[in-house]
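Okay, so here's the structure we're looking at.
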């Protein structure tokens, strides 16, 4: 988040409203910090109006940075004051906020983000706060740290997904106010996808088997939800598997052509809703063959996503494998990789 330097701030200081806009928080939040933690401006203009000096602004910026990383507000306020005085304190710049052994911060985390998060990791709270502020740089950095620290599977299940689900619940339950959270969901989804793709392309590169058959991932026609496949891509890369990602809403003929052209370990078809879960197309994909004449091979097909449940619950096609979780998909695909590791 770009902020002005000290010499760019008004000599008279900023009002609470001006500082709130600068930080991307509400004036109520600043007043709450002052009331609860004594975290307010040092002076008032004409004895009435609160004015935040450049030193006060720097302290408030540090407070926002710390709470965005998951530091509890009381601890963040104490550390920000120490930081402003030049004293040594915990939680300084660049430090990763510690995670309790049970994986949560011990509270029903809601304060600061306005989202119904429940008991979550401190990184998730920080991510939610940054997303609600639309602080893209902080969101990106928190996601990078989470994936590097926990790996893509844990980062998704315990940091990214709970934050996204909380935004979705807020959006659905808040009426007109919920419309304000659409941009939060879009920002968060885009950056999560970017973080996972970056991890697959760079961090997971040394662990991928160069000679192994790739897993072909695709959304069905009309299906635009690619984020779950981004998650699977990153986790498979961590397991040493290569991935060929076709993306969202792949036309049926293009999907069949890709299956016939590529010697793949398996094909994963994602359907978010029953409207896009096309069982007839899935059977066509399962029947497609690749390889030289006389030795053509069929590729295993995995049906992933909640959209397949009503389609496959009654009579699961024998030529298809229905997986119901990320762990189930990874276990199945890594098993296939051990059985058929090379081209």
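Numbering (UniProt numbering), first residue to last: 1 to 343. Each residue gets a CB set at the ideal place from its N, CA and C atoms; glycine is no exception.
Alpha carbon to alpha carbon, how far is residue j from residue i? Give it in angstroms, no decimals.
| i | j | result |
| --- | --- | --- |
| residue 39 | residue 145 | 28 Å |
| residue 319 | residue 261 | 20 Å |
| residue 206 | residue 30 | 46 Å |
| residue 213 | residue 299 | 11 Å |
| residue 196 | residue 15 | 40 Å |
| residue 24 | residue 35 | 19 Å |
| residue 338 | residue 331 | 11 Å |
| residue 327 | residue 274 | 22 Å |
| residue 50 | residue 59 | 15 Å |
| residue 120 | residue 155 | 12 Å |
| residue 227 | residue 193 | 6 Å |
| residue 276 | residue 137 | 34 Å |
| residue 321 | residue 306 | 14 Å |
| residue 170 | residue 128 | 12 Å |
| residue 21 | residue 53 | 15 Å |
| residue 303 | residue 221 | 14 Å |
| residue 237 | residue 153 | 11 Å |
| residue 278 | residue 234 | 26 Å |
| residue 72 | residue 115 | 16 Å |
| residue 13 | residue 271 | 54 Å |
| residue 141 | residue 204 | 18 Å |
Only counting the same chain, and skipping five residues up and downstream in sequence, which positions put a Cβ closer than 7 Å to that of residue i?
| i | result |
| --- | --- |
| residue 66 | 76, 79, 80, 91 |
| residue 284 | 256 |
| residue 74 | 37 |
| residue 224 | 248, 249 |
| residue 96 | Confidence at residue 96 is low in this model, with a pLDDT of 25, below 50, so the placement of that residue should be treated as unreliable; the coordinate-derived value is given next. Here the set comprises 145, 149. |
| residue 133 | 24, 25 |
Which of the three DSSP states, helix, strand or coil, is assigned to residue i?
| i | result |
| --- | --- |
| residue 25 | coil |
| residue 182 | helix |
| residue 79 | helix |
| residue 198 | helix |
| residue 225 | coil |
| residue 115 | coil |
| residue 332 | helix |
| residue 269 | strand |
| residue 320 | strand |
| residue 148 | helix |
| residue 276 | coil |
| residue 73 | helix |
| residue 162 | helix |
| residue 139 | helix |
| residue 122 | helix |
| residue 325 | coil |
Who does residue i pair with in a DSSP beta bridge?
| i | result |
| --- | --- |
| residue 289 | 298 |
| residue 245 | 217 |
| residue 234 | Looking at the DSSP assignment, residue 234 forms no beta bridge with any residue, so it has no partner. |
| residue 304 | 270 |
| residue 14 | 52 |
Spatial neighbours of residue i within its chain, please: C-beta separation below 8 Å, excluding the five flanking residues on both sides.
| i | result |
| --- | --- |
| residue 131 | 113, 139, 163, 167, 184, 187, 188 |
| residue 241 | 208, 209, 212, 214, 215, 265, 333, 334, 337 |
| residue 259 | 216, 267, 285, 288, 290, 299 |
Under 7 Å between C-beta atoms, does residue i make it to chain C?
| i | result |
| --- | --- |
| residue 264 | Looking at the structure shown, chain C is missing, and only one protein chain is on hand. |
Can you list, in chain order, the residues of its chain with a C-beta nearer than 6 Å to that of residue i? Leave out the 5 residues immediately preceding and following it.
| i | result |
| --- | --- |
| residue 281 | 252 |
| residue 239 | 334 |
| residue 33 | 39 |
| residue 27 | 16, 17, 20 |
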